[in-house]
Amino acid sequence: MSSQMSLKEAERKAFRSTFQDGIWDIYLGLVFLMFGIGPFIQVREEYDWIVTVGYFSLIVILFIAAKKYITTPRIGRATFSTARKKKVNKVRLVLFLSVILGAVVYFLSADGSAIEGSIAAMPIPILLFTLNIFLVFGFGAYFLDFTRLYAYGALLGLSFPVGHFLVEIGVLASATRPFLLSSAIMIVIGIVLFVRFLRDNPPFDENSLPAGGA
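Residue numbers (the working numbering): 1 to 214.
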């Protein structure tokens, strides 16, 4: 029994190490940065979707490349249990659906004008967005042992309500501006972790990397 528990704990620690490079922090920060910079992007309405798809495609490509060419040569690849992989796949699906829902709320507001002013003008999407962020990031933090997601969920979940309040009292011109700060905090934390990761984990010899996949 103790041997089985030791193996599970070892797997848990190995799994948590996949988040030590800060790349997930930077990636999520860049995803939600679009909510903040969207109103500043001036393109014809019919080209909005091209800009959005292009932006998200670019950061996904950069994320995959960073994991493959920077992280893996330094910590190798681990093979996790089927149960752990199923949890990861479920969280990935939920995170993907979360981003889609968030994008729907964002595009309902177009350039932000439809949700500025009184918070009562658009209560359901705001509540849905906030609840969605809290639940999804909490779910991800728990099942992925990625505790920073709790803080990020709080930052992002409160961004819309705080933005509406600040618009209503005349402090901000757009309710999406708080996402600039929230995403910037995530990106800065990610960069700090990334620099530390590079410093503490020099690349392995290619022939010494363990076999498997994660």
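For glycine and all other residues, C-beta sits at the position ideal for the given N, C-alpha and C. If you're wondering where the values come from, they're calculated on a predicted model, not measured in any experiment.
Rounded C-alpha distance that separates residue 132 from residue 157: 8 Å
Under 8 Å between C-beta atoms of residue 29 and residue 138: no
Per-residue burial, residue 200 [other beta carbons within 10 Å of its own, 16 or more giving buried]: exposed
Start-to-end residues for the alpha helix (DSSP H) that takes in residue 64: 48 to 66
Presumed contact (8 Å Cβ cut-off) between residue 21 and residue 143, rounded CB distance: 20 Å between Cβ atoms; not a contact.
Reduced DSSP secondary structure (H/G/I, E/B, other) of residue 169: coil
Cβ-based neighbour list, residue 26, same chain, cut-off 6 Å, excluding 5 preceding and 5 following: 187, 190
Residues of its chain near residue 147, where Cβ-Cβ distance is below 7 Å and the 5 sequence neighbours each way are ignored: 141
Spatial neighbours of residue 134 in its chain, beta-carbon cut-off 7 Å, leaving aside the 5 residues before and after: 153, 157
Per-residue DSSP class, three states only, for residue 133: helix
Cut-off 8 Å between Cβ atoms - residues of its own chain near residue 59, not counting five sequence neighbours on either side: 27, 30, 31
DSSP state of residue 182 mapped onto helix, strand, coil: helix
Under the three-state DSSP convention, the category residue 162 falls into: helix
Coil, strand or helix - residue 140 by DSSP: helix
Minimum C-alpha distance to residue 136 - residue among 150, 126, 124, 127: 150
Of the listed residues 95, 50, 127, nearest to residue 24 (C-alpha basis): 95
Per-residue DSSP class, three states only, for residue 174: coil
Helix, strand or coil at residue 201 [DSSP, three-state]: coil
Residue 177 beta carbon less than 8 Å from that of residue 36: yes
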